[in-house]
Amino acid sequence: MKHFIRISQTRIGHKLRSSTYRLIITTLLITVTPLIGLFCYSYFKNNISQMNTIHGQIIQQLNLNTTNIISYANQIPTDRLLLTLLDDEKTEQNAAKIENRLMELCGNGSGIESIILSCEQGNFHSVFIDDEEMNEILTSDWFLSLQKGQYLRYFSVPDPENNVFYYSMPLNNISSLSGELIITIRADDLLQIMESANKTFSHYLWMDNQNKEIMNHAFHQEEYLASCLSGQNRTQFFDDYIFYNKSGIFFSSHSDITRWKLVSFIPYTELLLPFIPTFLILLFSVAFVMAISRVILNPLIH
């Protein structure tokens with residue numbers, strides 16, 4: 221009889237210990253799971269916010285670089301010596317002085333290769349380009365299209381072969397002259413800013429104001445992007461956006477100066493991959509806490 225009672229007590233004790241262990245583990249899981257979920261959510265939220273900030277900083281650098289070009293260009297049509305030479309009699313000697321003055325003005329700006337002045341007094345260029353090169357620019361498709369439309373300023377797409385890009389603006393907006401000013405600028409700094417997206421984004425695309433591709437770095441979402449920009453959505457992305465599809469996350473930033481757009485894509489796999497070690501550490505920590513809790517509480521439960 222006593223042996224039977226002892227066996228019953230042992231069975232009851234095992235059941236009580238098992239129930240207590242399950243209660244402790246369940247309590248730990250209920251407590252830890254929301255914390256892990258909150259940590260994961262905060263991690264991804266901060267990661268996405270940081271990427272969006274970097275996206276905006278690239279556009280800010282682009283705006284700063286091009287704003288300096290605009291400030292420099294605005295000084296050329298108001299240069300007193302240049303205006304005096306333009307008012308003088310049209311002679312070959314005077315034309316040479318104008319071209320020399322344009323060459324001197326090239327030295328006042330960083331990365332400036334040449335200046336073309338197309339005005340009612342004639343077409344003039346700095347000394348490092350010839351008439352043939354000037355005429356090629358003045359008859360180019362992009363420049364002729366600008367003359368037909370009303371524009372305040374225009375930045376051409378960088379030419380990787382010649383490593384230059386162009387800035388053009390009408391003269392009558394800032395001076396008494398009428399016509400256009402075209403500046404040829406080395407594209408090193410601009411391309412460096414545009415390619416700086418490599419440091420953070422594996423897939424990105426630069427587009428001009430017509431949503432045409434400028435630079436493509438492993439961006440394979442053109443069809444999806446084209447559908448987003450078709451029809452009435454053509455002016456989409458003229459602001460900063462973060463949007464999602466089943467494949468990943470898109471970041472979009474727009475430059476008010478150049479009217480170019482930077483669109484980057486991050487697949488969910490790339491976003492989750494850096495988090496896997498942290499997630500494994502969290503799981504290991506939970507398992508370790510459970511094991512320690514069992515060891516510490518075992519004498520008390522027993």
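Residue numbers (the numbering used here): 221 to 522.
The C-beta atom is built at its ideal place from N, Cα and C for all residues, glycine as well.
Range covered by the alpha helix (DSSP H) that runs through residue i
{"i": "T420", "result": "No alpha helix (DSSP H) contains T420, which DSSP labels as neither H nor E."}
{"i": "E356", "result": "351-358"}
{"i": "L306", "result": "300-307"}
{"i": "Y488", "result": "488-492"}
{"i": "L172", "result": "The requested residue 172 does not occur in the structure, where the chain is confined to residues 221 to 522."}
{"i": "I318", "result": "312-326"}
Boundaries of the beta strand (DSSP E) in which residue i is found, first to last residue
{"i": "S472", "result": "468-474"}
{"i": "F344", "result": "342-345"}
{"i": "L337", "result": "332-339"}
{"i": "F348", "result": "That residue, F348, is in no beta strand (DSSP E); it is neither H nor E in DSSP."}
DSSP beta-bridge partners of residue i
{"i": "R406", "result": "V384"}
{"i": "H440", "result": "DSSP output for H440 lists no bridge partner at all."}
{"i": "I462", "result": "F471"}
{"i": "S395", "result": "Answer is none; S395 lacks a bridge partner."}
{"i": "M435", "result": "W426"}
{"i": "F485", "result": "H423, F470"}
{"i": "P390", "result": "E400"}
{"i": "D379", "result": "V384"}
Closest by C-alpha distance to residue i, when choosing among the options
{"i": "G468", "options": "I290, E352, T489", "result": "T489"}
{"i": "L306", "options": "H345, K466, H437", "result": "H345"}
{"i": "D476", "options": "Y374, A511, T420", "result": "Y374"}
{"i": "E333", "options": "L322, G342, N343, Q341", "result": "L322"}
{"i": "V377", "options": "I434, Q367, I512", "result": "I434"}
{"i": "V384", "options": "L372, S365, S330", "result": "S330"}
{"i": "D299", "options": "E309, E324, T286, E312", "result": "E324"}
{"i": "A531", "options": "K317, F485, Y387, I289", "result": "The structure shown has nothing for residue 531, since the chain only spans 221 to 522."}
{"i": "I394", "options": "L284, P254, Y292, N283", "result": "Y292"}
{"i": "F348", "options": "T311, G342, L358, I336", "result": "I336"}
{"i": "N267", "options": "Y464, A511, L492", "result": "L492"}
{"i": "G342", "options": "F470, K466, P380, A316", "result": "A316"}
{"i": "E415", "options": "L482, F264, G327", "result": "L482"}
{"i": "N288", "options": "N328, Y464, L366", "result": "N328"}
{"i": "E389", "options": "I405, L366, S396, P380", "result": "It should be noted that the sequence gives Met, not Glu, for residue 389. Selected option, being the one with the closest Cα: L366."}
{"i": "P380", "options": "I279, N436, E312", "result": "N436"}
{"i": "Y464", "options": "L445, H474, L358, I405", "result": "L445"}
{"i": "C396", "options": "C339, L282, N314, F470", "result": "A small correction: the amino acid at residue 396 is Ser; Cys does not occupy that position in the sequence shown. With distances taken between Cα atoms, S396 lies closest to C339."}
{"i": "I290", "options": "Y386, A417, H440", "result": "Y386"}
{"i": "Q280", "options": "L503, Y261, T478", "result": "T478"}
{"i": "C260", "options": "L503, A511, A507", "result": "L503"}
Check: residue i C-beta below 7 Å from any heavy atom of the ligand ATP
{"i": "N436", "result": "Among the components of this structure there are no ligands whatsoever, and the ligand ATP is therefore not found."}
Residue-chain proximity (residue i, chain B), Cβ-Cβ < 8 Å
{"i": "N392", "result": "The question asks about chain B, but that chain is absent: this structure has only one protein chain."}
So, do the region 387-405 and the region 427-435 have three or more beta carbon pairs nearer to each other than 8 Å?
no
For the pair the region 456-474 and the region 408-419, tell me if three or more CB-CB distances fall below 8 Å.
no
Is the region 269-281 touching the region 414-423, taking contact as three or more C-beta pairs under 8 Å?
yes
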